[in-house]
Structure formats: structure tokens, C-alpha cells
Amino acid sequence: MMLVAFWLTLAAAATTGLLAGASLDQSIKQLPARHRIGAEAYSAYSMASDLGNGILFYGMLGVGAALLTIAAAVDVHLAALPVAVCIPTDIGTALAVLHSFATSRAAPTLFSQRSVQGDPAALARVFERFTRW
Numbered sequence: 398m399m400l401v402a403f404w405l406t407l408a409a410a411a412t413t414g415l416l417a418g419a420s421l422d423q424s425i426k427q428l429p430a431r432h433r434i435g436a437e438a439y440s441a442y443s444m445a446s447d448l449g450n451g452i453l454f455y456g457m458l459g460v461g462a463a464l465l466t467i468a469a470a471v472d473v474h475l476a477a478l479p480v481a482v483c484i485p486t487d488i489g490t491a492l493a494v495l496h497s498f499a500t501s502r503a504a505p506t507l508f509s510q511r512s513v514q515g516d517p518a519a520l521a522r523v524f525e526r527f528t529r530w
């Protein structure tokens, strides 16, 4: 049982690391570029990337990381491992659930750009919603 907990935790850490890197790329590099290139150009990029291959990539990565993190925490508790092991997995699970909640709010906002194509002011308002949370 402890071996399963180890591999689940390792897989959860790896997928969460990939997800964190993808999120940092969005936050540090891509979203600030929107201000330099404008809402219409950024929307074209976003539609081709985030709403193209990104849907499957981010969906699988986000759901996979959350499920692996939850499974690791459950297995750690079932294995009756020490509290020093349970606490980090519980914190990871709480953060995975919070990330999933944030994504459930952000995804519809991103998808809404489809309905305002050709209206730069409306596109700008869609993208500004990301900074109001």
C-alpha cells in the first residue's frame, strides 16, 4: 500500500509541476503580451492555441493532476502513514480543488471570446475579467 502511495504522490507531483509551469507561462508571458499586441490579436492567438489544442492539453493535465493528487491523499490515509506525510498530501488536495474551482470560473470566460469576435472593446472586457478576481 505504501508503494502505491509513493507512485501516486510522484505522479501527482509531476503532473502538478507541469500544470504549474503551464500556468506560469500563461500568467508571466502570454497574458502581459495581450497588452502589447491588443485584444484582437491576442484573441486570434488564444483561439488558435488555448481553444484549439489547449482544450485537450489543459483539460487532461488539469483533471489528471487533480485526480492524481486526490488519489494520492486517499491512499496515504488508507495506508495509515504518519501525519507528516498526510498533511502535505491534504494541502496538495485542497490546492488542487481550489485550482479546479478557479479553472471552472476562468474557462467560461475564455470561451466567451468566441461570441464577441470583431468587437475589440467587448474582447478587451472579456480578457479584463481575468484580472478582477
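When the letters of the sequence shown are read in order and numbered with my numbering, they come out as residues 398 to 530.
Even glycine gets a Cβ: it sits at the ideal position worked out from N, Cα and C.
Residues CYS483 of the same chain have their beta carbon placed closer than 7 Å to that of HIS474, with the five preceding and five following residues left out of the count. Counting along the chain, the unbroken alpha helix (DSSP H) around ASP487 starts and ends at 480-508. A direct Cα-Cα distance of roughly 17 Å separates LEU448 from ARG526. THR528 counts as exposed, since fewer than 16 other C-beta atoms from the protein chains shown sit within 10 angstroms of its C-beta. Residue ALA463 holds the alpha-carbon nearest to the alpha-carbon of PHE498 among GLN514, ALA463, GLN427.
The Cβ atoms of ALA408 and LEU465 sit closer than 8 Å to each other.
With 16 or more neighbouring CB atoms inside 10 Å of its own CB, ALA469 falls in the buried class. DSSP places GLN514 in the coil class of the three-state scheme, outside both helix and strand. In this structure, DSSP gives GLY435 a state outside helix and strand, which the three-state scheme calls coil.
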